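There are 2 protein chains.
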Amino acid sequence: MKILVLNAGSSSVKYSLFDMSDRSVLIAGIIERIGEDAASQSYSLANNDRTRDEISCRNHQQALQLLFETLAACRVLNDRRELACIGHRVVHGGEHFREPALIDTQVMRHIAEVIPLAPLHNPANLLGIEEAIRQMGETPQVAVFDTAFHQTLPDYAYRYALPERLYEEHGVRRYGFHGTSHRYVAEQAAQYLGKPLPETNLITLHLGNGASVTAIQNGRSIDTSMGMTPLEGLMMGSRCGDIDPAIHFYLSRTLNLSNEAIEALLNKESGCKGICGENDMRAIHRMSETGDDLARLALAMYAYRIKKYIGAYFAVLGRVDALVFTGGIGENDAWLREQVCLDMTLFGIAIDQEKNRKPVRPCDNISQPNSGVTVLVIATDEELEIAIQAMQCLEQPHP
Amino acid sequence: MKILVLNAGSSSVKYSLFDMSDRSVLIAGIIERIGEDAASQSYSLANNDRTRDEISCRNHQQALQLLFETLAACRVLNDRRELACIGHRVVHGGEHFREPALIDTQVMRHIAEVIPLAPLHNPANLLGIEEAIRQMGETPQVAVFDTAFHQTLPDYAYRYALPERLYEEHGVRRYGFHGTSHRYVAEQAAQYLGKPLPETNLITLHLGNGASVTAIQNGRSIDTSMGMTPLEGLMMGSRCGDIDPAIHFYLSRTLNLSNEAIEALLNKESGCKGICGENDMRAIHRMSETGDDLARLALAMYAYRIKKYIGAYFAVLGRVDALVFTGGIGENDAWLREQVCLDMTLFGIAIDQEKNRKPVRPCDNISQPNSGVTVLVIATDEELEIAIQAMQCLEQPHP
Ligand SMILES: Nc1ncnc2c1ncn2[C@@H]1O[C@H](COP(=O)(O)OP(=O)(O)O)[C@@H](O)[C@H]1O
Ligand SMILES: Nc1ncnc2c1ncn2[C@@H]1O[C@H](COP(=O)(O)OP(=O)(O)O)[C@@H](O)[C@H]1O
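Written out as structure tokens, the structure is:
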């Protein structure tokens, strides 16, 4: 059984084709700069052959055509009927979607309804779905939402202290994102611990270009750092995370910035990039090693804010079985993990320096044997999780 | 030695006159609705006599004249030369003021410079200072800043993940407020614990109409929940505290609100009032007792957010000697204190229900004898602290 996972952005389409019998990736690729002069596609096959081509690709329709041509040409999908389903990553599911959904026109309508909450993401996700249905109408298609895992938050955690009507009439609340990743590593962690997930308490740190942290109680998300949008919470590559909400008024009144300019500033010119000019963590470490004080500051802030969220979520959870690091930074940045776990003995966190330096993929325990809390480094796999969830969704009885 | 403490707002002047020999209050009063048709003054004397008058008061000049007339009429200040100094509360001291300052033209210039950071407060504070100098030129005047106590924050705690130039050129950073109160209760707590303040670690919760929490390490503020302005942090009576910074864009784009409307909404229509329509905690409890679900939610959110900050500051401090409740809510709301301390045994917090119900003023220990962290309820006294600091400032050698 083969499952194709699609992640359609405004100018790119990412995809992975899984053989679900052994969960192996047959091909993974990306078509980029759709609609621009110099579009390109690149992909790699199971044997690690990598290809990159300049192409012409005017729109998502052409992108998906190209994608299916590539699957055929690479002989990973000889007959479209081999495809059990297509799993679509959808960023925002609002309050409607607590689970993956088999796509029909009503599901598409619900995805469109929350566009005001995710104006940058949902329209592109929807475009990908529409095109895939046009070209692969007979194949079942499943939407898997970044927000779904967090629909178990209690009201006192998801509500903002804003006028009631903003929630009731407009859905202004914390939704949380990266749900697929938090859920995936939570399952892996419970498996590692040898505990049923519904009895496991975790703090999961997804640290990539975007970054978020989730408090998981008995297998369910009960709080998370991203909010109505992915701008809130931890400091990120180029996003500000938590700030004083009055800073907007200062920027508009004193610096005369428009709301559009402020939005771009907070999303694209802030975070690590705002502090030290760089958003790639490897580059920031190199700068810091040469004595760059702003790189030092960016790293210190990045780690400090994670520590504060860990403390907050300990207060929320009471008992924590494991702290999980994942994402490009969480999986690879030993310095950061050490920094975050430093002076956290109060919480029962004690890592082993040696193990921390080179954790074994895809899942390793880097804590000291006597550490009250197990500290894990787990390679996330959002595409695989989407494939798994899409498959589970298909297997459920549908009316 | 007598010291007058002045707190000048845009339409009110609050004052207290202290006899510093025994720190007693000779008179405390307020002149309200300055510039409006129905101005009033009210004050109470040491013998608890209270007076309230409708008056005519067009501006701050008349307010201060009236104030000194009242002091004379009540025979608490028979000769202006009895007054050792006037201590002015100033909300925002920017990065310039780490300590109280003997007021001269340069100090006034610095206070004026940070008006863009505190457009609602500093202009009124400055007006009070100017008028007091005009009428009481010979009396030394000292400015005591709400922000000064927090000037010891490390850079990774006070910086936002925003473009470097916003800090360098415009001073966009966390300043923190309620410093006078946090400092006062910290001193009282250290005294109660019998430890020198410079060796004491505390988490101080100032919960009034505004609310903030401070992490104090070895007597110095190292983090605090209010930010560049008093809008950030905990949920308050009518202020939102922490929200997703992208909510502004939603409100302006989807609801077409102007920045002025958003500013009013976040400051005056949010917090407890936004959730359940009430900002007075006593009224919210009454509503909740009659089964009002939104009052239940407001209380749950209010307590939950405090718990998260306590957890975060434990992560920052490592060791905490005492948790201190102060402010109108912190001092009087036993239900809230219980809620906040519930399920916090991980942190060594265990309160005694009985003691919590009726703590003895002005300072009481409500923790169980075996509680790892001492939990104190301390009556704050910002006016007295301003008087003490003004006096200390006078006694220091000035060039
Ligand atoms: N060895 C490494 N050390 C530190 N950071 C790393 C390392 N490898 C990758 N990263 C960081 O991971 C981040 C990207 O994470 P990733 O999860 O791939 O991002 P995305 O959120 O886009 O999926 C970048 O900041 C990159 O610098
Ligand atoms: N007995 C009480 N129980 C609960 N809340 C109380 C009680 N007494 C006063 N409060 C609350 O204290 C708050 C005002 O606190 P205060 O410190 O006086 O405010 P400010 O920040 O204006 O100085 C109000 O919300 C009020 O309801």
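Read top to bottom, the protein sequences are chains A and B. Note that the first sequence covers residues 1 to 399 in the working numbering. Note that the second sequence covers residues 1001 to 1399 in the working numbering. Glycine included, each C-beta is placed from N, C-alpha and C at the ideal position. Computed from a prediction, not measured in an experiment: that's the story for all the values here.
Report the neighbours of residue i on chain A: residues whose CB is nearer than 9 Å to its CB, in chain order.
| i | result |
| --- | --- |
| M1287/B | Under the 9 Å cutoff, chain A gives no residues; its nearest Cβ is about 13 Å from M1287/B. |
| P1116/B | Y250, R253, T254 |
| M1400/B | With chain B covering 1001 to 1399 only, the question about residue 1400/B has no answer from this structure. |
| L1294/B | E164 |
| H1096/B | Result: empty, since nearest Cβ-Cβ is about 18 Å, beyond 9 Å. |
Is residue i near ligand 1, with its Cβ less than 7 Å from a heavy atom?
| i | result |
| --- | --- |
| R23/A | no |
| R239/A | no |
Run through chain E and tell me which residues come within less than 8 Å of residue i, C-beta to C-beta.
| i | result |
| --- | --- |
| M1235/B | The displayed structure is made up of protein chains A and B, and chain E is not among them. |
Going along chain B in order, which residues have a C-beta closer than 7 Å to the C-beta of residue i?
| i | result |
| --- | --- |
| P123/A | By Cβ distance, chain B contributes nothing, its closest Cβ being about 14 Å from P123/A, past 7 Å. |
| A300/A | Y1156 |
| N209/A | Residues of chain B passing the Cβ test: none, with the nearest at roughly 14 Å. |
| I310/A | A1315 |
| I405/A | Beyond the ends of chain A as shown, which are 1 and 399, falls residue 405/A; an answer cannot be given. |
| G274/A | A1161, L1162, P1163, E1164 |
| Y304/A | Y1156, A1157 |
| V213/A | Correct list: empty, because the minimum Cβ distance to chain B is about 12 Å. |
How would you list, in chain order, the residues of chain A whose beta-carbon sits under 7 Å from the beta-carbon of residue i?
| i | result |
| --- | --- |
| G1271/B | A161 |
| L1231/B | D244, P245, A246 |
| E1113/B | By Cβ distance, chain A contributes nothing, its closest Cβ being about 12 Å from E1113/B, past 7 Å. |
| H1178/B | Ordered by position in chain A, no residue passes the 7 Å Cβ test against H1178/B, which lies about 15 Å from the chain. |
| V1090/B | What V1090/B touches in chain A: nothing, since even the nearest Cβ is about 18 Å away. |
| V1324/B | In chain order: nothing, as chain A lies at least about 17 Å away. |
Could you work out which residues of chain A lie near residue i, taking near to mean beta carbons separated by less than 8 Å?
| i | result |
| --- | --- |
| C1240/B | Y160, A161, L162, P245 |
Along chain B, in chain order, which residues have C-beta atoms closer than 8 Å to that of residue i?
| i | result |
| --- | --- |
| N259/A | H1248, F1249, S1252, R1253, N1259 |
| E228/A | Checking the sequence, you will find Met at residue 228/A rather than Glu. Chain B residues near M228/A: D1244, A1246, I1247, Y1250. |
| R297/A | The sequence as given places Leu at residue 297/A; Arg does not occur at that position. Those are D1155, Y1156, R1159, listed as they occur along chain B. |
| L45/A | Per Cβ cutoff of 8 Å: no residues; L45/A is ~39 Å from chain B at best. |
So which residues on chain B does residue i lean against when the C-beta distance must stay under 9 Å?
| i | result |
| --- | --- |
| K307/A | A1312, A1315, V1316 |
| L265/A | L1162, P1163, L1166 |
_the stretch 1156-1173 of chain B touching the stretch 240-252 of chain A, judged by at least three CB pairs closer than 8 Å_ = yes
*Stretch-stretch touch, CB-based, cutoff 8 Å, three pairs: the stretch 1380-1391 of chain B with the stretch 1181-1191 of chain B*: In short, these stretches touch, since the Cβ pair count reaches three.
_Residues around ligand 2, please: the ones whose beta-carbon is closer than 6 Å to some heavy atom of it, in chain order._
G1208/B, N1209/B, G1210/B, G1237/B, D1280/B, M1281/B, R1282/B, G1327/B, G1328/B, I1329/B, N1332/B, D1333/B
_alpha helix (DSSP H) segments (min. 4 residues) lying fully within the stretch 1278-1365 of chain B_ = 1281-1289, 1293-1317, 1327-1332, 1334-1341, 1353-1357
*Are the stretch 1267-1282 of chain B and the stretch 256-269 of chain A in contact at 8 Å, needing three or more beta carbon pairs?*
no
*What are the start and end residues of each continuous beta strand (DSSP E) run of 3 or more residues lying completely inside the stretch 1024-1081 of chain B, in chain order?*
1024-1032, 1040-1045, 1050-1054
_Please give me, in chain order, every unbroken run of the alpha helix (DSSP H) with length at least 4 that falls completely inside the stretch 1227-1270 of chain B._
Listed in chain order, the complete alpha helix (DSSP H) runs (minimum 4 residues) inside the stretch 1227-1270 of chain B are 1247-1253, 1259-1268.
*Taking only runs that begin and end inside the stretch 1160-1196 of chain B, name each unbroken alpha helix (DSSP H) of 4 or more residues, in chain order.*
1164-1168, 1179-1193
_the stretch 290-297 of chain A contacting the stretch 191-205 of chain A, beta-carbon criterion three pairs below 8 Å_ = no
*Please list the segments of the alpha helix (DSSP H) lying wholly inside the stretch 1077-1123 of chain B, counting only runs of 4 or more residues, in order along the chain.*
1105-1113
*Count the C-beta pairs between the stretch 185-194 of chain A and the stretch 342-357 of chain A that are closer than 8 Å, then say yes if the count reaches three, no if not.*
no
*Check whether the stretch 91-99 of chain A touches the stretch 10-24 of chain A, counting contact only when three or more Cβ pairs, one atom from each stretch, lie closer than 8 Å.*
The stretch 91-99 of chain A is not in contact with the stretch 10-24 of chain A.
*Hey, is the stretch 108-115 of chain A in contact with the stretch 56-68 of chain A, meaning 3+ C-beta pairs nearer than 8 Å?*
no
_the stretch 212-228 of chain A contacting the stretch 1212-1225 of chain B, beta-carbon criterion three pairs below 8 Å_ = no
*Between the stretch 1301-1312 of chain B and the stretch 1341-1348 of chain B, do three or more beta carbon pairs fall short of 8 Å?*
yes
*Touching or not, the stretch 1135-1144 of chain B and the stretch 1202-1211 of chain B, by the rule of three or more beta carbon pairs under 8 Å?*
Too few Cβ pairs lie closer than 8 Å, so no.
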